Amino acid sequence: MESLKELRVYCESRRIPIISLATEEFLWKLLRKHKPKICLEIGGAVGYSSIYVAGVIDTWGGKITSFEISYPAYQLGLWSHKEAHCYNIRSYPYNALSAPIKKLMETPVDFIFIDGQKSQYGEYMEIVEKISSPHTVIVIDDVIKYHNKLISLYWYLQKKQIKYKILKLDPDDGVMVING
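The opening position of the sequence shown corresponds to residue 124 in our numbering, with each subsequent residue numbered one higher.
Here you go:
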């Protein structure tokens with residue numbers, strides 16, 4: 124997808140954080156394996172990861188809903204989705220903690236990608252628990268690089284006794300996978 128490559132160049136030139144190429148490759152394999160139809164993204168930023176996921180899941184009729192708290196990033200994301208001709212993305216300018224996610228989502232959700240405010244990852248997990256099934260695959264980005272900001276996430280996982288895997292995908296970072 125040419126516009127996705129252009130968006131990566133744009134983001135890299137302006138130091139706008141997006142998923143790494145290694146994370147892209149991992150997501151491609153995971154999505155192809157599980158073939159989710161109903162996906163959720165918390166922390167859509169400028170739309171890069173939602174476009175990437177939408178491109179993979181479109182093959183089998185999947186849809187993704189994305190939430191982004193920053194209104195300028197949300198606006199750029201809408202523009203990016205349009206430029207990429209991704210019609211299977213719904214995007215909302217909400218903080219996921221206050222958004223009516225359950226009302227806006229078809230449930231249960233098959234795949235969840237969390238890449239929002241790191242200090243709120245535990246609170247995001249409390250929200251997605253309400254729209255998940257035992258088969259929902261959850262991927263949480265930046266868990267190695269920002270480990271010190273993830274206190275609420277680890278507290279939540281311990282409290283609920285949730286098993287997870289941490290995969291180092293880049294020299295300094297990786298993802299957490301639940302049910303994958």
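Cβ coordinates follow ideal geometry from the N, Cα and C atoms, glycine included. Remember, predicted model here, so these are calculated numbers, not experimental data.
| Check | Outcome |
| --- | --- |
| From what residue to what residue does the alpha helix (DSSP H) around Lys186 run? | Unbroken run through Lys186 is the beta strand (DSSP E), 186-190; no alpha helix (DSSP H). |
| Mapping the DSSP letters down to three states, classify Arg138 as helix, strand or coil. | coil |
| Going by C-alpha to C-alpha distance, which of Val169, Lys160, Leu127 sits closest to Leu144? | Leu127 |
| CB-CB under 7 Å to Gly297, same chain, minus the five flanking residues each way: which ones, in chain order? | Val266, Ile267, Ile289, Leu290, Lys291 |
| Per DSSP, which one or two residues make a beta bridge with Arg155? | None, per the DSSP bridge assignment. |
| Only counting the same chain, and skipping five residues up and downstream in sequence, which positions put a Cβ closer than 6 Å to that of Cys209? | Ile174, Ala177 |
| Please work out which residues of its chain come closer than 6 Å, Cβ to Cβ, to Glu206, disregarding the five sequence neighbours upstream and downstream, and give them in chain order. | Ser126 |
| Keeping to the same chain, check which residues put their C-beta closer than 6 Å to that of Arg213; ignore five residues upstream and five downstream. | Thr188 |
| In this structure, how does DSSP classify Asp265 when only helix, strand and coil are distinguished? | coil |
| Is Ile263 closer than 8 Å to Val251 when the C-beta atoms are compared? | no |
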